[in-house]
Amino acid sequence: MIRIILACLALLAWSAASPAAAQEGPLQAVLQTNASEVERASRRSVGEVLEALAETGSPQLRAFLEAWSDRRIVMRDEDGLFFFGERDGDIYRLSDIDTGEPAGEVGRREATELRPNAGVRRVIGAALVRFQLTDPTARVRREAVEALERAPSAELLEILRASIEEEEVPSLRAFKQAAERRLTARFDTDPAARIAAIEDLSGSIRIEDRAALSRVLTTRRIVAENGEAPDGANVAARLRPGQDIGTEDAYSLLVEADLVPPRVTREARDAALVAAISEGAVAGFPVAQLDDEQTRWDAYDALARLDAAPARLTDDGIAEALETHAILDLYVEEDSAITDAARASMDAVEGRLALHQTADLGLDALSLASIYFLAAIGLAVTFGVMGVINMAHGEFIMIGAYTGYVVQLFVPDYTLSLVIALPLAFCTAGLAGVALERLVIRHLMHRPLETLLATFGISVALQQIAKNVFGTQARPLTSPDWLAGSWQISEVISVSWIRVAIFVLALIFLAAIVYVLRRTRLGLEVRAVTQNPGMAASMGIDPGRIGMLTFGLGSGIAGVAGVAIGLYAQVTSEMGAGYIVQSFMTVVVGGVGSVFGTLAGAGLIGGLQKGIEWLNPSNTLAAQTFMILFIIAFIQFRPRGIVPQKGRAAGG
38 MIRIILACLA
48 LLAWSAASPA
58 AAQEGPLQAV
68 LQTNASEVER
78 ASRRSVGEVL
88 EALAETGSPQ
98 LRAFLEAWSD
108 RRIVMRDEDG
118 LFFFGERDGD
128 IYRLSDIDTG
138 EPAGEVGRRE
148 ATELRPNAGV
158 RRVIGAALVR
168 FQLTDPTARV
178 RREAVEALER
188 APSAELLEIL
198 RASIEEEEVP
208 SLRAFKQAAE
218 RRLTARFDTD
228 PAARIAAIED
238 LSGSIRIEDR
248 AALSRVLTTR
258 RIVAENGEAP
268 DGANVAARLR
278 PGQDIGTEDA
288 YSLLVEADLV
298 PPRVTREARD
308 AALVAAISEG
318 AVAGFPVAQL
328 DDEQTRWDAY
338 DALARLDAAP
348 ARLTDDGIAE
358 ALETHAILDL
368 YVEEDSAITD
378 AARASMDAVE
388 GRLALHQTAD
398 LGLDALSLAS
408 IYFLAAIGLA
418 VTFGVMGVIN
428 MAHGEFIMIG
438 AYTGYVVQLF
448 VPDYTLSLVI
458 ALPLAFCTAG
468 LAGVALERLV
478 IRHLMHRPLE
488 TLLATFGISV
498 ALQQIAKNVF
508 GTQARPLTSP
518 DWLAGSWQIS
528 EVISVSWIRV
538 AIFVLALIFL
548 AAIVYVLRRT
558 RLGLEVRAVT
568 QNPGMAASMG
578 IDPGRIGMLT
588 FGLGSGIAGV
598 AGVAIGLYAQ
608 VTSEMGAGYI
618 VQSFMTVVVG
628 GVGSVFGTLA
638 GAGLIGGLQK
648 GIEWLNPSNT
658 LAAQTFMILF
668 IIAFIQFRPR
678 GIVPQKGRAA
688 GG
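Counting in the numbering used here, the final residue of the sequence shown is number 689, and the numbers go up one at a time with none missing.
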């Protein structure tokens, strides 16, 4: 019996000693002192708690802050002590926050989980930065720098500088140095150091560096009585009502500053008139006469002179008030030398940024031009040799794209499928072109209207056949992994690898066509038939055979263009129709039958379209309309195109 009593006493003594032991740690002591601020933490109050915790120098501080941010801290309701809490079903497994030792278990209803909001977690994250900047893991150190820049402060600047000296990874050292320059520009106590950092930022167009300069140039708007700026104010701009700021907005600022009375609205005027009616009149104005706006305002002004209603300013009075007082934008930064340096750096950055944006726009135009060139070069060859307007040319692009889709159904390797699809699309579309020439075109030679109608009908028929076979939904043509992503040249300039591949493909076909036309017998015969079909026939050249081969060549190139276009656009039965107009414009503007003319035309059309879209990005239809109007005006002055054919070929 005595042993049982002694055991119970020992158990009670241990239970009583446990909370006391938990309170002995420095972190627990600070938390108990600030229990209410910890339990109901806010972004404004948590800073003092964090400072008190940091003063303890506890080795467990980092683990505690990480757990607090991750919502793994619980308060035991029984005694208000804080613990690491690992949730396991309906219980929490507790650990001492000062030692990390197990501290028993409690039920979910017997403890309160601390759930700091996003603002508090950001403040805690900033406090954690000092530990994470020297973490052994490079990823953690990089994330610490990123967290520091999300919530920057002057206190962390020296810590960041110290971590740079210890950093061994070159790329991460450069990353920290860039962040240090941005923080120095904003928070360093030495004006010369800030100016030097600001000047360093002038050589970068990174969005983080531009944001740092913008924060240095932050302004606040005030109304200066009698037009004089406050003593010591760093004036950014003096706003002129009606020019830099709207008159109504300027007057509203004067009202907010209690320098002028607010405008009297019609509703307030009418309410004052109704309230002042006495014996059928208002301030001497019979009620029956208050049937127009001017009379009502006159009656209201009479009330104001009698102090029966608030006075109102006339337009002349408003203009005089705006002239008397000045509306100023003041820099939050009081040192004018710093803001002058920031303004100069920002101007330099904006100039460099404009150059990069122009280069990016040029690359976009070049990319679009390569697509138009691939789509139009086949049409240029057939149109130049045969003089046939083939409205079904876009459907050969569609045939090539669907060929690539079918190949990927049987060849799951996207790289291998692309290698197979390109020559197969050339052959498939080329054979379709030969069939069209043999069955239709050759019977309608020198009858342009009938040829136009026939090829248009075939275009519609091919679209319908594609819908019946593949359905109306877009089909995927997936690019290989090595074509994923983009080539990031700078912070602003980037171009997708698919566009780069299409550009290279366009160069390959340009070289191939030039070689065929200039260095092979087929090219010699094509040029002969183009210049004079009758004379070529008398020399033993079969114009019909040359026309068939040329039509097949042009259609095959369109098929290859379909594979290329399908890699970044949707493969549908109508996809070719979206390029037929641009293809014809490219051929006509460049010069009918000229390969280099087609290249020049594609460059002009692509550049013009991108330029118009940049000027009016919200309306792509307007870009198409303006482009067509430009082409109409262009061919009035150069009807034979940029690179017209010469010699006998020009006569046709």
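Yeah, the Cβ is synthetic: ideal placement off N, Cα and C, and Gly gets one too.
Check: Beta-carbon proximity list for R536, same chain, < 6 Å, skipping 5 on both sides; Outcome: S404
Check: Rounded separation between R277 and I364 - CA only; Outcome: 8 Å
Check: Buried versus exposed call for Y409 [16 or more other C-beta atoms within 10 Å across all chains shown]; Outcome: buried
Check: I161 beta carbon less than 8 Å from that of T106; Outcome: The identity of residue 106 in the sequence shown is Ser, whereas the question assumes Thr. Yes, these two residues count as a Cβ contact at 8 Å.
Check: Status (buried if at least 16 other CB within 10 Å, exposed otherwise) for G437; Outcome: buried
Check: Member of Y368, V206, Q214 whose CA lies at the smallest distance from the CA of A266; Outcome: Y368
Check: A59 - DSSP class collapsed to helix/strand/coil; Outcome: Confidence is the limiting factor: at A59 the pLDDT is only 42, short of 50, which leaves the residue's position unreliable, though a coordinate-based value still follows. Helix at A59.
Check: Whole-angstrom distance between I583 and V477, CA atom to CA atom; Outcome: 16 Å
Check: Closest by C-alpha distance to A598, when choosing among V626, I545, A248; Outcome: I545
Check: Segment contact flag, the region 287 to 296 with the region 312 to 324, C-beta cutoff 8 Å, min 3 pairs; Outcome: no
Check: Assigned secondary structure, E115 (DSSP; H/G/I helix, E/B strand, else coil); Outcome: coil
Check: Option nearest R187 by Cα separation, candidates L220, A211, V206; Outcome: L220
Check: For I259 and I282, the rounded distance between their alpha carbons; Outcome: 13 Å
Check: Within the region 581 to 644, ranges of the alpha helix (DSSP H) (whole runs, at least 4 residues); Outcome: 614 to 627
Check: Contact set for A462: own chain, Cβ-Cβ below 7 Å, skip 5 residues either direction; Outcome: G437, T440, G441, G596, V597, G599, V600
Check: Among C464, T171, I128, the one whose alpha carbon lies nearest that of V111; Outcome: I128
Check: Distance between I414 and A406 (C-alpha atoms, nearest Å); Outcome: 12 Å
Check: Spatial neighbours of R349 in its chain, beta-carbon cut-off 8 Å, leaving aside the 5 residues before and after; Outcome: P298, R300, V301, Y337, D338, A341
Check: Cβ pair A379, V253 closer than 8 Å; Outcome: yes
Check: Between the CA atoms of F671 and V680 - distance to the nearest angstrom; Outcome: 13 Å
Check: Beta-carbon proximity check, I426 vs P513, cutoff 8 Å; Outcome: no
Check: Spatial distance of S454 from W519 (CA atoms); Outcome: 14 Å
Check: Delimiting residues of the beta strand (DSSP E) encompassing Q331; Outcome: First-last for Q331: 330 to 342, but that is the alpha helix (DSSP H), not the beta strand (DSSP E).
Check: Close-in-space but distant-in-sequence residues of the same chain around F663 (CB under 7 Å, 5 per side omitted); Outcome: I649
Check: 8 Å Cβ cutoff met for A181 and D172; Outcome: yes
Check: Beta-carbon proximity of A345 to A318, cut-off 8 Å; Outcome: no
Check: Status (buried if at least 16 other CB within 10 Å, exposed otherwise) for T395; Outcome: exposed
Check: Neighbourhood of A91 by C-beta distance below 6 Å, restricted to the same chain and skipping five residues each side; Outcome: none
Check: Proximity below 8 Å, CB of L250 to CB of M383; Outcome: yes
Check: Meets three-Cβ-pair contact criterion under 8 Å: the region 141 to 159 and the region 115 to 131; Outcome: yes
Check: T255 (DSSP reduced to helix, strand or coil); Outcome: coil
Check: Residue range of the unbroken beta strand (DSSP E) whose run includes G144; Outcome: 139 to 144
Check: Exposure label - H480; buried when at least 16 CB within 10 Å; Outcome: exposed
Check: Contacts around D397, its chain only, beta-carbon distance under 6 Å, and the 5 residues preceding and following it disregarded; Outcome: V529, I530
Check: Opening and closing residue of the beta strand (DSSP E) in which Q568 lies; Outcome: Segment 558 to 568 is the alpha helix (DSSP H) holding Q568; no beta strand (DSSP E) there.
Check: Cβ pair L327, L310 closer than 8 Å; Outcome: yes
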